[in-house]
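Residue numbers (the numbering used here): 7 to 409.
By construction, the Cβ of each residue, glycine as well, lies at the ideal position given by its N, Cα and C atoms.
Please read these numbers as outputs of a predicted model, since none were measured by experiment.
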Amino acid sequence: MALGVTYDDVYTAADNGQATVLLSLDLSAAFDTIDHHILVERLRVSFGVTGDALDWIASYLADRTQRVQIGTARTSPSSCLFGVPQGSVLGPILFTAYVSPIAQISESHGTRQQQYADDTQLYIFLSAATLTSQLCRLQSCVSSVQSWCIRNGLSLNPSKTEVICLGTSGRIASLGGPPSVVVSGSSPAPAASIKLLGVTLDNHLSFDKHVAKISQTSFYHIRALRHIRHLLDDDTAKTVAAAIVGSRLDYANAVLHGAPSGHVQRLQRVQNTLARVVLRAGRRSSASLCLQQLHWLPVKARIQFKIATLVKLTQLGSSPNYLNILLSSHQPARSLRSGDQHLLTIPRTRTVIGSRAFRVAGPVVWNNLPADLRSTDLSLSAFKSRLKTVLFINSFNDVDVAN
7 MALGVTYDDV YTAADNGQAT VLLSLDLSAA FDTIDHHILV ERLRVSFGVT GDALDWIASY
67 LADRTQRVQI GTARTSPSSC LFGVPQGSVL GPILFTAYVS PIAQISESHG TRQQQYADDT
127 QLYIFLSAAT LTSQLCRLQS CVSSVQSWCI RNGLSLNPSK TEVICLGTSG RIASLGGPPS
187 VVVSGSSPAP AASIKLLGVT LDNHLSFDKH VAKISQTSFY HIRALRHIRH LLDDDTAKTV
247 AAAIVGSRLD YANAVLHGAP SGHVQRLQRV QNTLARVVLR AGRRSSASLC LQQLHWLPVK
307 ARIQFKIATL VKLTQLGSSP NYLNILLSSH QPARSLRSGD QHLLTIPRTR TVIGSRAFRV
367 AGPVVWNNLP ADLRSTDLSL SAFKSRLKTV LFINSFNDVD VAN
């Protein structure tokens, strides 16, 4: 969800005639350098954790040991005086609480910040007229974050920190060259693309590299599945296909709303091939029939499904506030029938790229749903079940799935 908000900000800035400079910070051995005393105190002061709950967390962190084993040889146990356990559910939560002051630092400097565990992005919006002042603001924020990290036992890694300028080609060109930001005494070279939480983001928001990577990886796993398909029963094959390929097609797919149609078609070919392998159908067999038999939504419908589900979560109050504030109920100027339809306001945009922002795409997808699906009385599970039925019928009645 946090990733979607970052893209929403970038799209909205582009629609307003601005470019976005985004800095993806990397912390050296982040989880291993957490100071237990600082963490416990921050949980108490900043998050109000007290009593038995705080004592339990302190006990969980204390008296931990580690050792190295190679074959039958092993070292003596060594005490873990710093760090939070990795590979656990609690580890990322404790780390996020530990670095929470970074958000306050960013806000104090007037920059935007998004964070998931140790993945932290700082970004600002700028134009040719505000280039110098905004870059100074970002640089000041980075310096403050660096100072905070030093005081709290963390270290920024400039060799893995990345900077990228996002926007339309015209807006980026108007800046007169790629911006420069100093991190720990060095200036990361501006990148043409970076990877944020598994999504490859390029300068012009085309997602060419992201879609190409999904396609390449998916076909690799499809070929592997084809080799062992004769050893699997139908249900197992379907489960394996959904796990190793379907999950890749669905991950963060909401960012592809409004992307070039060729990208969706390319991913659709991946899904079509996967369906044929699962059903052991010929290469020339109808992709639409295969998808219908498996009861799989096509890629475009899966994108709509994801966006509609995110909107439903905001309606139920189950989504973070940073998503809730992007949407607002439609309030007609006078009493109209639409006032009872649970519609959302669709913000006006100047450009096509602006229409890809969640604050626009969400209401567009939501308002196009049948009125009964927009009802506030539906639970999330009932909504998703009925939504899939509606999208399934629309997909195969109105649109032919590309082979």
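- CA-CA distance, residue 24 to residue 266, rounds to 21 Å.
- In the DSSP secondary-structure assignment, residue 124 is not bridged to any residue.
- Residue 62 is classed as exposed because its beta carbon has fewer than 16 other beta carbons within 10 Å across all chains shown.
- With at least 16 other beta carbons inside 10 angstroms of its own, residue 15 counts as buried.
- Looking at the backbone, the Cα of residue 136 and that of residue 180 are separated by about 11 Å.
- Take residue 170, set aside five residues on each side of it, and the residues of its chain with a beta-carbon closer than 6 Å to its own are 28, 197, 200, in chain order.
- In this structure residue 359 is in contact with residue 20, their Cβ atoms being roughly 5 Å apart against a cut-off of 8 Å.
- For residue 291, no alpha helix (DSSP H) run applies, since DSSP gives it neither H nor E.
- The DSSP-derived three-state label of residue 199 is strand.
- Rounded to the nearest whole angstrom, the C-alpha separation of residue 47 and residue 106 is 13 Å.
- In the DSSP assignment, the residues bridged to residue 129 are 28, 118.
- Secondary structure at residue 213: coil, using DSSP grouped into helix, strand and coil.
- Using a Cβ-Cβ distance cut-off of 8 Å, the region 215-235 and the region 275-286 are in contact, since at least three pairs of beta carbons, one from each stretch, lie closer than that value.
- Note: residue 171 is bridge-paired with 27 in the DSSP secondary-structure output.
- Of the residues assessed, residue 313 falls on the buried side of the cut-off, its CB having 16 or more other CB atoms within 10 angstroms.
- One thing to note: residue 401 has its Cβ within 9 Å of the Cβ of residue 307.
- Per the Cβ contact rule, the region 356-371 is in contact with the region 316-325 (3 or more Cβ pairs under 8 Å).
- One alpha carbon belongs to residue 240, the other to residue 368, and they sit about 36 Å apart.
- Taking a cut-off of 8 Å for Cβ pairs, the region 87-94 and the region 26-42 touch, as three or more such pairs fall below it.
- Burial check for residue 247: the Cβ neighbour count within 10 Å reaches 16 or more, so the residue is buried.
- The C-beta distance from residue 305 to residue 277 rounds to 6 Å, short enough to meet the 8 Å contact threshold.
- Taking a contact to require three or more Cβ pairs closer than 8 Å, the region 53-71 and the region 138-156 do not qualify as touching.
- Between residue 218 and residue 228, the alpha-carbon positions lie close to 15 Å from each other.
- Taking the CA atoms as reference points, residue 178 sits about 18 Å from residue 356.
- For the pair residue 11 and residue 329, the CB atoms are nearer than the 9 Å cut-off.
- Proximity to residue 183 across 403, 154, 371, 134 peaks at 134, based on C-alpha coordinates.
- Nearest in C-alpha terms to residue 142, of all of 192, 117, 203, is 117.
- When the alpha-carbon of residue 220 is set against those of 18, 254, 110, 202, the nearest one is in 254.
- Between residue 60 and residue 49 a beta carbon distance of about 6 Å is seen, short of the 8 Å cut, so the two are scored as contacting.
- Counting C-beta atoms within 10 angstroms of its own C-beta, residue 244 has 16 or more neighbours from the protein chains shown and is therefore classed as buried.
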